Each structure stands twice: as C-alpha cells, then as structure tokens.
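**Student:**
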Amino acid sequence: MEIVRSQRRNGSDGSGSSASLPLYKSAPSLEFRLEEFGQYAIDRLRVLQAISDGLSRGKKPEEMENLVSEQWRANMKHQDADKTLRKDIISHFVLRLVYCREEEMRRWFLSMETALFRYRFRLQNAEAQKSIMNELQLQYNVLGNAEYETIKDKLTEAARSVNFTSNPEAVFYKVPFEDVPELVASRRVFILKGFAFVPRNQVVSLVCTIFRSNISKALALTNRKWRAMIQDQEKDRIAPMVEALGNVYLGPDYSKPKDCAEISLKDINQLASTSFPLCMRHLFGKLREDHHLKHQGRMQLGLFLKGVGLKLEDALAFWRAEFSQKVGAERFDKEYAYSIRHNYGKEGKRTDYTPYSCQKIIMSTPSTGDHHGCPYRHFSEENLRAALNKMGVGGRAMDDIMDKVRNRHYQLACTLTFEATHGTSCETGINHPNQYFVESRKFFESKNKHSQPTA
Numbered sequence: 051m052e053i054v055r056s057q058r059r060n061g062s063d064g065s066g067s068s069a070s071l072p073l074y075k076s077a078p079s080l081e082f083r084l085e086e087f088g089q090y091a092i093d094r095l096r097v098l099q100a101i102s103d104g105l106s107r108g109k110k111p112e113e114m115e116n117l118v119s120e121q122w123r124a125n126m127k128h129q130d131a132d133k134t135l136r137k138d139i140i141s142h143f144v145l146r147l148v149y150c151r152e153e154e155m156r157r158w159f160l161s162m163e164t165a166l167f168r169y170r171f172r173l174q175n176a177e178a179q180k181s182i183m184n185e186l187q188l189q190y191n192v193l194g195n196a197e198y199e200t201i202k203d204k205l206t207e208a209a210r211s212v213n214f215t216s217n218p219e220a221v222f223y224k225v226p227f228e229d230v231p232e233l234v235a236s237r238r239v240f241i242l243k244g245f246a247f248v249p250r251n252q253v254v255s256l257v258c259t260i261f262r263s264n265i266s267k268a269l270a271l272t273n274r275k276w277r278a279m280i281q282d283q284e285k286d287r288i289a290p291m292v293e294a295l296g297n298v299y300l301g302p303d304y305s306k307p308k309d310c311a312e313i314s315l316k317d318i319n320q321l322a323s324t325s326f327p328l329c330m331r332h333l334f335g336k337l338r339e340d341h342h343l344k345h346q347g348r349m350q351l352g353l354f355l356k357g358v359g360l361k362l363e364d365a366l367a368f369w370r371a372e373f374s375q376k377v378g379a380e381r382f383d384k385e386y387a388y389s390i391r392h393n394y395g396k397e398g399k400r401t402d403y404t405p406y407s408c409q410k411i412i413m414s415t416p417s418t419g420d421h422h423g424c425p426y427r428h429f430s431e432e433n434l435r436a437a438l439n440k441m442g443v444g445g446r447a448m449d450d451i452m453d454k455v456r457n458r459h460y461q462l463a464c465t466l467t468f469e470a471t472h473g474t475s476c477e478t479g480i481n482h483p484n485q486y487f488v489e490s491r492k493f494f495e496s497k498n499k500h501s502q503p504t505a
C-alpha cells in the first residue's frame, strides 16, 4: 500500500500512467496475499464478462457506459482511491497471467480490457485524457486555423455524422489514417492525402489502438514467460490457481437440483428432446447411438445429469443400460461404475463434483472421436446447422445464431437457440448448461399451468 501511495504522489501508479487510469505497462512491486490473488481476479472478471455480454447483445454506447460504471462501482471501487487503484493493477496482471495461455483466451481478454479502458477513458476529464495521451507518446499535431478553413465544410459533414459540432473553436488532430482503423472503417472521420482529421471526442480511438497494441505484445511476452519459467516454478502454488481461474464460473451453483425436481429414467428421453442444451443433447444422442462415450464426454454429460436431478442409483442404471450393450455388464461394473459413484462424492476423496459451466466446456479441446465440448465452437458450420435444424431452428433465428458463432459469441448463440426453441426471451443469457435446463423446465411448467382449463 505504501508503494502505491508514494508512487501516486510522484504522479504515477507504478504501471505506466498518471491519474487513476493505469496503462499496465509493467507490473509494479506490490505485495498481496494469495486470497487477494484470486478474489481480485474474480471481481475484475465479473466486470469483463458483463462487458462481453453487453457488447454481444448490441447495447448502445451510452448503455455500455452505464453498464461499465455500475459494474466497476459494484466490483472494483473502494472508498479509498488508493485501494481501488491497487486492486485495479493487481487484478489486471493476475488475469493477464490467466488469459495469456491460449490464443482464444488472449483474444477475449484483449478485447474486453480494451473495451473497459475505452469506457473508463471517456469518463476522464480533458486534462487527464491529455496526460494519458502524453504517457502513450501520442504527440499528434492540432489542426491549424489556416488548414481548418480550407476543409471545414468536409469536417463539418463528417462531424455531423457522429453528433459532434464543428466550429472554429473545435479541436481536431491530424493523424496518419492507419492509426485510426476503427474510425476509417466506420467512416467517422474525413481523410485527405493519407491523414485522418480526428475530433477531440473521437480521440479515444487513437488511445485505444495504442493501448490494445501494448497489451497484445504484453500478453505474448507473458505467455512465453509462463511456458518457459512460471508454469514449472509455481506448479504447486500459483499454477493451480491460474488454471482454476481460467475456468471459473461466476453464476449460481448447479451442483444440486435446487430449482427443479429430481428427474427419473422414464422421463429422460422426453427431457433430452425438450430441455437439454445442444451440447448435452449431442452427447446424449451419441451415447444412445454408440452405447459409449470417452472419459470427458462421460464427465460432461454425467455431471450435468447429476445437477438436473438424476439420483445416483438411476445414474448407475442409466449408464449400465447403455454401456453394457457394448462392453458388457461385468466390464461396466469393473471399469466404469466407480467413476460414476466418484462424481457423486461416494468414492475416493468424497468430493461432490459440480457440473461443467459453459466457460469450461467452451475451453475444452476435443480430439477425433470425442463428443464433449461446445458445439457452437467445435462443430463445423454444416454440422452445426444440421444440429440446429434438428432442434427446429431455422430462418432468421438460424442466421442470427450463426452470426454470433462467427463472432465467437458462443454463449449468446446458445441463448438465441433457447429463445428460438422456446419462443421466449432469456434476458440473463445462458452461462451454464444446467441453467438452460432449469429455465426450460420453468418455461414448460408455466406454459402447462396456463394452458390448463380453470374450474
């Protein structure tokens, strides 16, 4: 804490910026407890996941600014500004370590951190914004009056499209057009002879381009350090926490069927066709077809069934009935029954294992012959369309789902599938297969209740 305070008096937070918005150029020498390592990362992750959900749902800029402010205040802000800054820096570098390990994780973290920085930068006053630009060495020239007069009509036309009032006192920056690809792509700036003329209210794009580039390089460097050194040196202390944070699920606990009644074997076929998400429906179908699943497939489907209310005795009967058709009942009892009892906390360390979240399933890496994982990520477009068609999805809904898949919004694609197959909205979004099942059962129970004739 004293380190942070002394650095702030000197105009720096220890990670390369002035004011209260870090640039995370280098990790400062801050001491913190392992409890803070995990908790700070989870709190920041709540903010990033909220941003991801908001962006994928197409929220407007002003809605996103409100969302970021609310999430930051709820999860990161402290009454003591020094403590907020300390948590900000620590949480970023912890998650950088967590998300540096795989390309898709790096891509998601980079996009969400850039988005978070964008909205926080916009909330800074003009002096703080200028200080950050200087820190990033963005020494662009302000457009002079003489040149402004020659192109002011064009600037006015471009500015009007982004609700910026162009007048003789307006400030524009003259920058190489390649420095603002986002503004050029969306036609929000006037371009002349290789230069883009950026109004002050759009300067955030300049800043975010440099910020994103810096964080991208830092993630690549962190990945190399993780693989070459940290992973082995910290295999008994930090590494397990990093692995766990990469799959952390922040929603409700679905380890026990709290929100729905227990299911019985006689109902499982009907429930699979109406209330299983696509990932579980696929595993269930392959089990019925091949009478076998590899280990990860058994874990993914088995823990899901446990979470939706399949009792241990029924689970053993269910898996035995399928596997015995291929390997025989004796071999099933010898090689497979133990792992089923283990999942229910009846063997080994007696751990009560929890169903896999969407995040864990998405980040899995199925090989040839495997059927686990997330269909929205791991299926080919042809196979995914066929699977969705089988669920009754088509038309505009199909196009919307495939668009989300192409943009790697897999959970939102699952949410849209739920909405298409149930004819109702799911505002909270799907973050867990068991949540999909619970929401589906609630929908059908409510539908049946309202369809029953009154006495």
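FYI, the working numbering numbers position 167 of the sequence shown as 217, with every residue one higher than the one before it.
Each residue gets a CB set at the ideal place from its N, CA and C atoms; glycine is no exception.
Just so you know, these numbers come straight off a predicted model, no measurement behind them.
(1) Which whole-angstrom value is the C-beta distance of Met-441 and Thr-471, which I expect to be below 8 Å?
(2) What number of angstroms, rounded off, separates the C-alpha of Met-51 from the C-alpha of Gln-89?
(3) Roughly how many angstroms separate the alpha carbons of Leu-98 and Glu-397, rounded to a whole number?
(4) With DSSP as the reference, identify every bridge partner of Leu-360, one or two as the case may be.
(5) Specify the secondary structure class of Ile-241 as computed by DSSP and reduced to three states.
(6) Would you kindly work out how many angstroms separate the C-alpha atoms of Arg-146 and Arg-156, rounded to a whole number?
(7) Whole angstroms is fine: what's the gap from Ala-379's alpha carbon to Glu-489's?
(8) Which same chain residues, not among the five before or five after Asp-402, have their C-beta less than 7 Å away from its C-beta?
(9) Going by the beta-carbon positions, is the gap between Val-248 and Val-239 smaller than 8 Å?
(10) Could you tell me which uninterrupted alpha helix (DSSP H) segments, each at least 4 residues in length, are contained entirely in the segment 65–148, listed from first to last along the chain?
(11) In this structure, what does DSSP give as the bridge partners for Asn-191?
(12) Cα separation between Phe-159 and Ala-371?
(13) Does the separation of the CB atoms of Lys-367 and Leu-315 fall below 8 Å?
(14) Please classify Pro-249: does DSSP put it in a helix, a strand, or coil?
(15) DSSP state of Arg-458, grouped into three classes?
(16) Measuring only the C-alpha atoms, how far is Phe-167 from Leu-71?
(17) What span of residues does the alpha helix (DSSP H) with Asn-393 cover, start to end?
(18) Is the Cβ-Cβ distance between Ile-480 and Cys-408 less than 8 Å?
(19) Excluding the five sequence neighbours on either side, which residues of its own chain have a C-beta within less than 8 Å of the C-beta of Cys-476, listed in chain order?
(20) Quick check for students: name the residue ranges of the alpha helix (DSSP H) that lie wholly in the segment 274–352, counting only runs of 4 or more.
(21) For the putative contact between Ile-140 and Leu-80, defined by C-beta atoms under 8 Å, what is the C-beta separation to the nearest angstrom?
(22) By Cβ distance below 6 Å, which residues in the same chain neighbour Ala-176 in space, the five residues on each side in sequence not counted?
(23) From the DSSP output, in three-state form, read off Gln-174 for me.
(24) Let's see if you can read the secondary structure: which residues bound the alpha helix (DSSP H) around Leu-438?
(25) For Asn-273, count neighbouring C-beta atoms within 10 Å of its own C-beta (all shown protein chains included) and say buried if the count is 16 or more, exposed if not.
(26) Based on Cα-Cα distance, which residue from Leu-188, Val-144, Pro-327 lies nearest to Ala-268?
(27) Whether or not the segment 316–329 and the segment 426–445 are in contact is what I'm after, with contact meaning three or more pairs of Cβ atoms, one per stretch, closer than 8 Å; do they touch?
(28) In its own chain, which residues sit with a C-beta less than 7 Å from the C-beta of Arg-96, not counting the 5 before and 5 after it?
(29) Could you tell me which of Ala-436, Leu-135, Thr-206, Val-253 sits nearest to Tyr-190, measuring between CA atoms?
(30) Tell me whether Val-455 is buried or exposed, calling it buried when 16 or more other Cβ atoms sit within 10 Å of its Cβ.
(31) Please report the distance separating the alpha-carbon of Val-298 from that of Gln-187.
(32) Between the C-alpha atoms of His-421 and Leu-333, what's the straight-line distance to the nearest angstrom?
**Tutor:** Reading off the structure:
(1) 6 Å
(2) Confidence is the limiting factor: at Met-51 the pLDDT is only 28, short of 50, which leaves the residue's position unreliable, though a coordinate-based value still follows. So the alpha carbons of these two residues sit roughly 17 Å apart.
(3) Between Leu-98 and Glu-397, the alpha-carbon positions lie close to 38 Å from each other.
(4) Bridge partners of Leu-360: Ile-313.
(5) strand
(6) 8 Å
(7) 36 Å
(8) Ser-305, Gly-395
(9) yes
(10) 84–106, 111–125
(11) Lys-224
(12) Here the C-alpha atom of Phe-159 lies approximately 44 Å from the C-alpha atom of Ala-371.
(13) First, the residue type needs correcting, since residue 367 is Ala and not Lys in the sequence shown. Yes, Cβ-Cβ distance for Ala-367 and Leu-315 is below 8 Å.
(14) strand
(15) coil
(16) Those two C-alpha atoms are separated by around 8 Å.
(17) 387–393
(18) yes
(19) Thr-465, Phe-468, Glu-469, Glu-489
(20) 288–296, 318–325, 328–340
(21) 6 Å
(22) none
(23) Assigned with DSSP and collapsed to three states, Gln-174 falls in coil, not helix or strand.
(24) Where Leu-438 is concerned, the enclosing alpha helix (DSSP H) stretches over 431–440.
(25) buried
(26) Val-144
(27) yes
(28) Gln-121, Asn-125, Leu-300
(29) Val-253
(30) It is buried - the Cβ of Val-455 has at least 16 other Cβ atoms within 10 Å.
(31) 37 Å
(32) 6 Å
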